[in-house]
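Peer 1: The first sequence begins at 4 in the working numbering and counts up by one. Every residue, glycine too, gets a C-beta built ideally from N, C-alpha and C. After the structure tokens below, expect a handful of questions from me.
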Amino acid sequence: MLDQKLIRENPSSVEENLSLRGKVFNISHIHELTVKKKEIDIEISNLQSESKKLSKLIGQEISKSLNNNSQEINELKNKGNKYRTRISEFEEEKRILDNNLYKEILSLPNFPSKDAPIGEDENNNVVIKTWGDPLKKGNLKSHWEIGERLNLFDSTKSTKISKSRFITLIGNGAKLERALINFMLDIHTKNGYLELIPPALVNSESLQGSGQLPKFSKESFNCSNDDLWLSPTAEVPLTAFHKNEIIDFKLLPIKYVAYSPCFRREAGSYGRDTKGLIRLHQFNKVELYWFCDPCKSLEAHKSITSDAESILKKLNLPYRLVDICTGDLGFSSSRTFDLEVWLPSSNSYREISSCSNCLDFQARRSSIRTKTNKKNQYIHTLNGSGLAIGRTMAAILENGQQTDGSVKLPDALVPYFGSNFIKTT
RNA sequence: GGAGAGGUGGCUGAGUGGUUGAAAGCGGCUCCCUGCUAAGGAGUUACAGGAGGUAACUUUUGUCGAGGGUUCGAAUCCCUCCCUCUCCGCCA
Numbered sequence: 004m005l006d007q008k009l010i011r012e013n014p015s016s017v018e019e020n021l022s023l024r025g026k027v028f029n030i031s032h033i034h035e036l037t038v039k040k041k042e043i044d045i046e047i048s049n050l051q052s053e054s055k056k057l058s059k060l061i062g063q064e065i066s067k068s069l070n071n072n073s074q075e076i077n078e079l080k081n082k083g084n085k086y087r088t089r090i091s092e093f094e095e096e097k098r099i100l101d102n103n104l105y106k107e108i109l110s111l112p113n114f115p116s117k118d119a120p121i122g123e124d125e126n127n128n129v130v131i132k133t134w135g136d137p138l139k140k141g142n143l144k145s146h147w148e149i150g151e152r153l154n155l156f157d158s159t160k161s162t163k164i165s166k167s168r169f170i171t172l173i174g175n176g177a178k179l180e181r182a183l184i185n186f187m188l189d190i191h192t193k194n195g196y197l198e199l200i201p202p203a204l205v206n207s208e209s210l211q212g213s214g215q216l217p218k219f220s221k222e223s224f225n226c227s228n229d230d231l232w233l234s235p236t237a238e239v240p241l242t243a244f245h246k247n248e249i250i251d252f253k254l255l256p257i258k259y260v261a262y263s264p265c266f267r268r269e270a271g272s273y274g275r276d277t278k279g280l281i282r283l284h285q286f287n288k289v290e291l292y293w294f295c296d297p298c299k300s301l302e303a304h305k306s307i308t309s310d311a312e313s314i315l316k317k318l319n320l321p322y323r324l325v326d327i328c329t330g331d332l333g334f335s336s337s338r339t340f341d342l343e344v345w346l347p348s349s350n351s352y353r354e355i356s357s358c359s360n361c362l363d364f365q366a367r368r369s370s371i372r373t374k375t376n377k378k379n380q381y382i383h384t385l386n387g388s389g390l391a392i393g394r395t396m397a398a399i400l401e402n403g404q405q406t407d408g409s410v411k412l413p414d415a416l417v418p419y420f421g422s423n424f425i426k427t428t
């Protein structure tokens, strides 16, 4: 959520900043609402002050005169009655105004960072660096072909259970999933992150707090009997973990790592990545999350990104680091570095982690602050996948494939998986 | 799912219509006493927002789970909702 004061006092700078996203933003209506809100707030506050004084006076008069029905007292009561009517009129107006204002202000995305490359869409993203040697040979199998041959997962049967875009992991596939989760959690916890396993169902307020609502309700699964949704990413419960809190400044930064299943409707992606592990309605993810001193989020962003990178390096998977351009930034993010892993079968890099600095955008929506110099200040939040498990498995299968049909696993995984090969049984 | 109890400041806990933002205790902070510690004494201590001032600060509003209502005035009365706890049932 953007700062209301800024919208009220400097609407043109708000429009300018937002338009870096490559679209035209006209906030004149929102601006008007903020100005009006301010006026009404002051008016109500003044009336309440008067009315409060009067009520005290009446109390005093009654206790003095021992007669609470004298003419003077009745006159005072009448006066008070008038205040009450006027206040409730203003309050009704304020209620409507607040509703409208909130709806609109919650639909505005975050400002892109001045450092983000300017551009319209993903074609303008900037590759910062590449790591490792991408495997480029003929005759390379896709991970779903490998998985099928080694009987690691089954999507056809999963369609019977649920519908398309669900997967059942089998045998070594399930074991590899488990190994990857443990491997990642171990590395991150050794690296100073506190592990959490949050609820997978989250309420609307939590989704609103991290930016998925009100704009992206079609992206998440909703439980119609309750005000609960299947969490699309651990970012949601992790943000909400400290909702409505003032965090002790000495505790910052707070670094969490959370393994969680993630559920996404993938509305509008029909026909894309229909095979394999790349785009599923349900997938596992290990998520990194920081609550950080607002003065230090730029360094924190580098740090969280390199923490995610460290997993790819340890798994020896070729990847590249991409600076997301202003037009391609997510709703809540001011700057995002994507990590893209090499998938030889499609001869391309695919997103496996997205590391975002949301500045105070989510903190404002979720009301998470810290006290510095006796003043409360919104903290900054950062999130990054570390990593998406299914896509990591796809990358391991494709990059480790051998001519005999087996898959060689990265050495770092051996203690977790118990073997350095997956072969047909 | 059924029955009951309850939600008050950092915590415990009083308060059932009037200068009550809220007794008391614990905790916190400051000072005094003391060779140090302990004990003791005095004082102080909710939070959030707005307006004004460079600032120390001043002023104002709101907040006793949330939202409505009654009233000149609500922590206190009425309604709705949420949450927590206990017992029973069911259950991984």
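Since Cys298 and Pro120 are thought to touch, with beta carbons under 8 Å apart, how far apart are those beta carbons, to the nearest angstrom?
Peer 2: Here residue 298 refers to the residue found at position 295 of the first sequence. Here residue 120 refers to the residue found at position 117 of the first sequence. Between Pro120 and Cys298 the Cβ distance is about 24 Å, and since that is not below 8 Å, they are no contact.
Peer 1: Looking only at its own chain, which residues have a Cβ that is under 7 Å from the Cβ of Tyr259, when we skip the five neighbours before and after it?
Peer 2: On the first sequence, residue 259 is found 256 positions in, with the first residue counted as 1. Cβ neighbours of Tyr259 beyond the five flanking positions: Tyr196, Leu197, Leu199, Leu241, Tyr292.
Peer 1: How far does the beta strand (DSSP E) with Phe93 in it reach, from first residue to last?
Peer 2: Numbered from its first residue, the first sequence carries residue 93 at position 90. Unbroken run through Phe93 is the alpha helix (DSSP H), 74 to 108; no beta strand (DSSP E).
Peer 1: Among the candidates Leu320, Leu210, Leu283, Ser58, whose CA atom is the shortest distance from the CA of Gly135?
Peer 2: Against the first sequence, residue 135 aligns to sequence position 132. It is Leu320 whose Cα lies nearest to the Cα of Gly135.
Peer 1: With the cut-off set at 9 Å, would you say Leu183 and Ile392 are in Cβ contact?
Peer 2: For the purposes of this step, residue 183 is taken as residue 180 along the first sequence, with counting starting at 1. For the purposes of this step, residue 392 is taken as residue 389 along the first sequence, with counting starting at 1. In this structure, Ile392 lies closer than 9 Å to Leu183 by Cβ.
Peer 1: Leaving aside the five residues before and after Asp276 along the sequence, list all residues of the same chain whose C-beta is less than 8 Å from its C-beta, in chain order.
Peer 2: Locating residue 276 in the first sequence gives position 273, where the first residue counts as 1. For Asp276, where only same-chain residues beyond five positions count, the Cβ hits under 8 Å are Arg282.
Peer 1: Enumerated in chain order, which unbroken segments of the alpha helix (DSSP H) with a length of 4 residues or greater are wholly contained in the segment 138 to 193?
Peer 2: Within the segment 138 to 193, the complete alpha helix (DSSP H) runs of at least 4 residues are 146 to 152, 158 to 164, 175 to 193.
Peer 1: Which two residues bound the contiguous alpha helix (DSSP H) that contains Ala397?
Peer 2: The residue given as residue 397 occupies position 394 in the first sequence. From DSSP, the alpha helix (DSSP H) with Ala397 extends over 392 to 402.
Peer 1: Could you have a look at Gln285 and say whether DSSP puts it in helix, strand or coil?
Peer 2: Locating residue 285 in the first sequence gives position 282, counting from the first residue. It is a strand residue.
Peer 1: Are Asp251 and Val129 close, meaning C-beta to C-beta below 9 Å?
Peer 2: The residue you call residue 251 lines up with position 248 of the first sequence. The residue you call residue 129 lines up with position 126 of the first sequence. No, Cβ-Cβ distance for Asp251 and Val129 is not below 9 Å.
Peer 1: To the nearest whole angstrom, what separates the beta carbons of Lys40 and Leu104, a pair I think is in contact under 8 Å?
Peer 2: Within the first sequence, the letter at position 37 stands for residue 40. Within the first sequence, the letter at position 101 stands for residue 104. Rounded, the Cβ-Cβ distance is 6 Å, consistent with contact.
Peer 1: If Leu57 and Gly83 are in contact, beta carbons under 8 Å, what's the gap, nearest whole angstrom?
Peer 2: Sequence index remark: in the first sequence, residue 57 carries index 54 (1-based). Sequence index remark: in the first sequence, residue 83 carries index 80 (1-based). Indeed they touch by this definition, with Cβ atoms about 5 Å apart.
Peer 1: Look at the alpha carbon of His245 and the alpha carbon of Val410, and state the distance between them as a whole number of angstroms.
Peer 2: The count along the first sequence starts at 1 and reaches residue 245 at position 242. The count along the first sequence starts at 1 and reaches residue 410 at position 407. Taking the straight line joining both Cα atoms gives about 42 Å.
Peer 1: Is the number of C-beta pairs between the segment 60 to 80 and the segment 89 to 97 that are closer than 8 Å three or more?
Peer 2: These segments do not touch.
Peer 1: Between which two residues does the alpha helix (DSSP H) carrying Gln133 extend?
Peer 2: Within the first sequence, the letter at position 130 stands for residue 133. It is worth fixing the name first, because residue 133 is Thr in this sequence and not Gln. Looking at the DSSP string, Thr133 is not in any alpha helix (DSSP H); the run it does join, the beta strand (DSSP E), is 129 to 134.
Peer 1: With a cut-off of 8 Å, do at least 3 Cβ pairs link the segment 354 to 366 to the segment 338 to 346?
Peer 2: The segment 354 to 366 vs the segment 338 to 346: in contact.
Peer 1: Going along the chain, which residues of its own chain have a beta-carbon closer than 8 Å to the beta-carbon of Ile10, five neighbours each way excluded?
Peer 2: The count along the first sequence starts at 1 and reaches residue 10 at position 7. Val17, Ile30, Ile33, His34, Thr37, Ile108, listed in sequence order.
Peer 1: Within the continuous alpha helix (DSSP H) that includes Leu324, where are the two ends?
Peer 2: Stepping through the first sequence from its first residue, residue 324 is reached at position 321. Here Leu324 belongs to no alpha helix (DSSP H); instead the beta strand (DSSP E) covers 322 to 326.
Peer 1: Pick out the complete alpha helix (DSSP H) segments inside the segment 348 to 386, 4 residues or longer, and give them in chain order.
Peer 2: Listed in chain order, the complete alpha helix (DSSP H) runs (minimum 4 residues) inside the segment 348 to 386 are 364 to 369.
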